[in-house]
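Participant: Below you'll find the structure I mean.
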Amino acid sequence: MVVIDTWQYFVHRTLHMNSFLYKHIHSKHHKLIVPYACGAQYLHPLEGLFFDGLAGTLAFVASGMTPRTATFFISFATVKAIDDHSELWVSWNPLHLLFRNNSAYHRIHHQPYGMKFNFSNPFFVTWDKLLGTSFAYSLQDRAAGGLEASIRLENPNSLRKLAPTTASSSPATPPAMVELHTHHAHPRTIFNRLHFFVYAAALLALLYRHTALLVSRPAPSSLLLLLADLVLALMWLFSQGFRWRPLIRREFPDRLSAAAAAGSVELPALDVFICTADPYREPPVSVASTALSAMAFDYPASRLSVYVSDDGCSELTLLAFIEAAKFARYWLPFCREKGILERSPEVYFESGNGDGDEEMKIMYERLMDKIEGAVQKGYVDDGLISSPGDQEIFKKWKSFTPRDHPAIIQCEGWRSVFCDPVERPAFLGQAPKSLIDVLRQYRRWTMGLYQVGFSREYTPIFYGTRTASLLVGFCFSHLAFWASRFFPVCVYGLLPQLALFYGGSLNFPKASDPWFYLYAYLVLAAYGQECVEFLENDGSIRRWWNDQRMWMIKGASTFIFGTLDFILSKIGILTPDFNLTSKVNEEEATRLYEKGKFAFGAASPFFLCLATVAVVNLIAFVFGFIRVLRREREAGEMMMQLILSGFILVNAWPVFEAMMQCEGWRSVFCDPVERPAFLGQAPKSLIDGLGQYRRWTMGLYQVGFSREYTPIFYGTRRTSLLVGFCFSHLAFWASHFFPVCVYGLLPQLALFYGGSLTFPKVTQF
Numbered sequence: 001m002v003v004i005d006t007w008q009y010f011v012h013r014t015l016h017m018n019s020f021l022y023k024h025i026h027s028k029h030h031k032l033i034v035p036y037a038c039g040a041q042y043l044h045p046l047e048g049l050f051f052d053g054l055a056g057t058l059a060f061v062a063s064g065m066t067p068r069t070a071t072f073f074i075s076f077a078t079v080k081a082i083d084d085h086s087e088l089w090v091s092w093n094p095l096h097l098l099f100r101n102n103s104a105y106h107r108i109h110h111q112p113y114g115m116k117f118n119f120s121n122p123f124f125v126t127w128d129k130l131l132g133t134s135f136a137y138s139l140q141d142r143a144a145g146g147l148e149a150s151i152r153l154e155n156p157n158s159l160r161k162l163a164p165t166t167a168s169s170s171p172a173t174p175p176a177m178v179e180l181h182t183h184h185a186h187p188r189t190i191f192n193r194l195h196f197f198v199y200a201a202a203l204l205a206l207l208y209r210h211t212a213l214l215v216s217r218p219a220p221s222s223l224l225l226l227l228a229d230l231v232l233a234l235m236w237l238f239s240q241g242f243r244w245r246p247l248i249r250r251e252f253p254d255r256l257s258a259a260a261a262a263g264s265v266e267l268p269a270l271d272v273f274i275c276t277a278d279p280y281r282e283p284p285v286s287v288a289s290t291a292l293s294a295m296a297f298d299y300p301a302s303r304l305s306v307y308v309s310d311d312g313c314s315e316l317t318l319l320a321f322i323e324a325a326k327f328a329r330y331w332l333p334f335c336r337e338k339g340i341l342e343r344s345p346e347v348y349f350e351s352g353n354g355d356g357d358e359e360m361k362i363m364y365e366r367l368m369d370k371i372e373g374a375v376q377k378g379y380v381d382d383g384l385i386s387s388p389g390d391q392e393i394f395k396k397w398k399s400f401t402p403r404d405h406p407a408i409i410q411c412e413g414w415r416s417v418f419c420d421p422v423e424r425p426a427f428l429g430q431a432p433k434s435l436i437d438v439l440r441q442y443r444r445w446t447m448g449l450y451q452v453g454f455s456r457e458y459t460p461i462f463y464g465t466r467t468a469s470l471l472v473g474f475c476f477s478h479l480a481f482w483a484s485r486f487f488p489v490c491v492y493g494l495l496p497q498l499a500l501f502y503g504g505s506l507n508f509p510k511a512s513d514p515w516f517y518l519y520a521y522l523v524l525a526a527y528g529q530e531c532v533e534f535l536e537n538d539g540s541i542r543r544w545w546n547d548q549r550m551w552m553i554k555g556a557s558t559f560i561f562g563t564l565d566f567i568l569s570k571i572g573i574l575t576p577d578f579n580l581t582s583k584v585n586e587e588e589a590t591r592l593y594e595k596g597k598f599a600f601g602a603a604s605p606f607f608l609c610l611a612t613v614a615v616v617n618l619i620a621f622v623f624g625f626i627r628v629l630r631r632e633r634e635a636g637e638m639m640m641q642l643i644l645s646g647f648i649l650v651n652a653w654p655v656f657e658a659m660m661q662c663e664g665w666r667s668v669f670c671d672p673v674e675r676p677a678f679l680g681q682a683p684k685s686l687i688d689g690l691g692q693y694r695r696w697t698m699g700l701y702q703v704g705f706s707r708e709y710t711p712i713f714y715g716t717r718r719t720s721l722l723v724g725f726c727f728s729h730l731a732f733w734a735s736h737f738f739p740v741c742v743y744g745l746l747p748q749l750a751l752f753y754g755g756s757l758t759f760p761k762v763t764q765f
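By the UniProt record's numbering, the letter at position 714 of the sequence shown is numbered 714, and the numbering carries on one by one without gaps.
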């Protein structure tokens, strides 16, 4: 029943949401405004095959029913469908007593106002309830006798979609509309959807194989591989929210001023929040320059607000912003008068563009000298405070502490927009330049994302799908749970290698086994699709390869620590700390970064995990290769584990270089456009970057696992299935840690011990 209900709900909803499928296939069934019993089978032949026939086949295969039981079950489902279309309500009907999905419930779906609701069929209404497509019914007495089913609104706002637009609801003389952007479906949409169905079938076949092996030969390694592939499959499903209907957009920001003047569009209030915590790792001069670049936006001053939060409660940062506010009185009019686009004073004067503006340059140099002098001293002396008003501020400031200070901003909320300019960036900033900074940054992000993903009310699995759509919820879920990739990374990065070292197989298919080609397809198709998308977005093969390498490195390091931080904090063992990433411009890190190299930075436990995975794979690959040469094991039997170990070795090559004390490894972590978008200070080392992802992971998990706002259900209810998928993909992207760990360890362990993990052989048909 669960399989049939799940299959029929999503196929049924797709038939309604897709205009082509509805017009040419499902509309035949909906010619029945007034349903009747035999109308249950009045449908298009293709719908009968895929909607009913395939659903019954899946239920038969998934449950393992005998042919006799399957015959009875399909007959019962057919009787139930006929009763749902019978337009009859009998109080003693056992089908009405056992199932809420009955003739009254389904009648609403066949009415013109209910065609976007009550998709569930034939047994339960669970999916309608979860995804916000349910309209309850109420039975009312008819004057001519009998009962009539009509909708019962539990939430009056839910009928807004059905309310017709009247002429009185629009203004009499609407302003002339100025087109600010256009969009159309990407030509790759059809290919993405075809790939989705083929890839989903391949995933189901792989999970079926894992389950069958686990049932026939129970083993911890088989369970770990199954869980790792389940995590990878779930994260892949979430990522489809981004790919189901990709759009090509074209924006016209040059028309925005004309549109605002014409009254056809109201510019939203834009709030910019700048956070800092440590004046030594985040230099106050750079933070103040970031604030100045934000204040200099080409945007109406009445609609722009810039807020600064100093969690470190440092008087050095306070001095920097007091002086920056004074400098802004001259700098902002100067930028507008000269038409300067790079409105960060730090970048403008360092680029040499301000050589002719000596007066402004001298003012900025005095500002820098004053702030840097105070930073070198470590305190703000009285000689640096000139005006009485500033002296009064510092008297109050000295009584504040990071844990005891009054709130500067008190409001119920704010209106804001997410700004992601391309042709004319809004900010200038710096990306991480060392591996340690990147890992630290991702560690913080991991914790933050987990907190969102696992929050009770705002998890994107439920909240996102309810308030937006299923696809939007999937997108947020993918982000919230992206750190869960650490599990498959660890499993596939260690378990097969240890088995390879000891001569085990871990039930991986032999090279001659047809299942081997299934594994090959899943890997090559996933990598191929991402590569095509990367190249279409003006990327390069080198950048794409480094991107794949980075998510494996994060999965084997920062996602693990971020997940542990989140779990320990939830059970009360650990209080989450805030590890800052270094924003200081270190000459050596900058030199390597300009050469396209990524410095590893300081020593860190992050690198212990990376080095362990790299060394285990190297040893397992050598031992497995020696066993093949000695003919202790067949090459086809060990092929899957050898390929997996070799692939991880290639990705881990920078780790070996770092262990041999090289300068760094070539990478393109940040690819700014001609004029960078933000002047801020981002992590410059991989350890800081991974630490940041650790925080994000925790935040995304809190959203993904929140009770009311998880994108899987909340997003699909409020928007659509695909949008929910997108948000779910974002909310749960950290869950990749599990398949990464499984495929990074289990096959390698089996290869190390001489096992095969039941991977198929290349030559087996």
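Note that beta-carbon positions come from the ideal geometry of N, C-alpha and C, so glycine has one too.
These numbers were taken from a predicted model, which means no experiment stands behind them.
If you draw a straight line from the C-alpha of residue 464 to the C-alpha of residue 133, how long is it?
Facilitator: 14 angstroms
Participant: Using DSSP bridges, identify the partner residues of residue 745.
Facilitator: 492 and 494
Participant: Under 7 angstroms, do residue 714 and residue 467 count as touching if we go by C-beta distance?
Facilitator: Their beta carbons are under 7 angstroms apart, which means residue 714 touches residue 467 by this criterion.
Participant: Taking all protein chains shown into account, decide if residue 573 is buried (16 or more other Cβ within 10 angstroms of its Cβ) or exposed.
Facilitator: exposed
Participant: Between residue 480 and residue 704, is the Cβ-Cβ spacing less than 7 angstroms?
Facilitator: yes
Participant: Considering residue 307, what are the terminal residues of the beta strand (DSSP E) in which it resides?
Facilitator: 304-310
Participant: With three or more C-beta pairs closer than 8 angstroms as the rule, is the region 266-278 touching the region 230-243?
Facilitator: no
Participant: Quick check on residue 761: buried or exposed, where buried means 16 or more other Cβ atoms within 10 Å of its Cβ?
Facilitator: Buried, by the Cβ-count rule.
Participant: Considering only residues of the same chain and omitting the five flanking positions on each side of residue 750, which have a CB-CB separation below 6 angstroms?
Facilitator: 496, 499, 500, 504, 505, 506, 641 and 757
Participant: Does the Cβ-Cβ distance between residue 76 and residue 99 come in under 7 angstroms?
Facilitator: It is not a contact, given that the beta carbons lie outside the stated cut-off.
Participant: DSSP state of residue 404, grouped into three classes?
Facilitator: Here residue 404 scores only 49 on pLDDT, less than 50, and its place in the model should not be relied on; the value that follows carries that caveat. Strand, per DSSP.
Participant: Measuring only the C-alpha atoms, how far is residue 266 from residue 616?
Facilitator: 59 angstroms
Participant: Taking residue 2 as the reference, give the member of 61, 21, 47 and 23 with the closest Cα.
Facilitator: A check of alpha carbon separations from residue 2 across 61, 21, 47 and 23 identifies 61 as the nearest.
Participant: Do you know whose CA, among 296, 385 and 477, lies nearest residue 336's CA?
Facilitator: Among 296, 385 and 477, the Cα nearest to that of residue 336 belongs to 296.
Participant: With which residues is residue 731 paired in a DSSP beta bridge?
Facilitator: Its beta-bridge partners are 478.
Participant: Cα separation between residue 609 and residue 736?
Facilitator: 16 angstroms
Participant: Looking at residue 470 and residue 768, is the spacing between their C-beta atoms short of 7 angstroms?
Facilitator: Residue coverage of the chain in this structure runs from 1 to 765, which leaves residue 768 outside it and unanswerable.
Participant: Is it the case that the CB of residue 441 approaches a heavy atom of the ligand FMN more closely than 6 angstroms?
Facilitator: Looking at this structure, you won't find the ligand FMN or any other ligand, since it has none at all.
Participant: Count the other C-beta atoms from every protein chain shown that fall within 10 angstroms of the C-beta of residue 653, then say buried if there are 16 or more, exposed otherwise.
Facilitator: exposed
Participant: Could you tell me the distance, in whole angstroms, from the CA atom of residue 346 to the CA atom of residue 360?
Facilitator: 12 angstroms
Participant: Just confirm the distance between the C-beta atoms of residue 449 and residue 697, as a whole number of angstroms; I'd bet it's less than 8 angstroms.
Facilitator: 5 angstroms
Participant: Quick one: complete beta strand (DSSP E) runs, 3+ long, within the region 233-271?
Facilitator: 247-251
Participant: Taking 7 angstroms as the threshold (C-beta atoms), are residue 101 and residue 120 in contact?
Facilitator: Yes, Cβ-Cβ distance for residue 120 and residue 101 is below 7 angstroms.
Participant: Indicate the three-state DSSP secondary structure (helix, strand or coil) for residue 773 in the structure shown.
Facilitator: Because residue 773 is not part of the residues shown, which for the chain are 1 to 765, the question remains open.
Participant: Which residue or residues does DSSP assign as beta-bridge partners of residue 185?
Facilitator: 247
Participant: Quick one: grab the DSSP three-state call for residue 651.
Facilitator: Helix.
Participant: Can you say whether residue 650 is buried or exposed, counting buried as having 16 or more other CB atoms within 10 angstroms of its CB?
Facilitator: The residue is exposed, with fewer than 16 neighbouring Cβ atoms inside 10 Å.
Participant: Curious, which full-length alpha helix (DSSP H) runs of at least 4 residues does the region 334-364 contain?
Facilitator: 345-350
Participant: Let me check understanding here. Comparing Cα to Cα, which of 57, 28 and 65 lies closest to residue 47?
Facilitator: 28
Participant: Return yes when the Cβ of residue 620 is within less than 7 angstroms of the Cβ of residue 752, no when it is not.
Facilitator: yes
Participant: Can you pull the DSSP bridge partners for residue 102?
Facilitator: DSSP lists no partner for residue 102.
Participant: Take the Cβ of residue 110 as the centre, count every other Cβ of all protein chains shown within 10 Å, and call the residue buried at 16 or more, exposed below.
Facilitator: Residue 110 comes out buried.
Participant: Measuring straight from C-alpha to C-alpha, what distance separates residue 6 and residue 571?
Facilitator: 35 angstroms
Participant: Of the choices 301, 246, 288 and 258, whose alpha-carbon is the least far from that of residue 270?
Facilitator: Answer by Cα proximity: 301.
Participant: Alpha helix (DSSP H) containing residue 536: first to last residue?
Facilitator: 514-536
Participant: Decide if residue 772 is buried, meaning its Cβ has at least 16 other Cβ atoms within 10 Å, or exposed.
Facilitator: Within the shown structure, residues of the chain are numbered from 1 to 765, placing residue 772 beyond reach of any answer.
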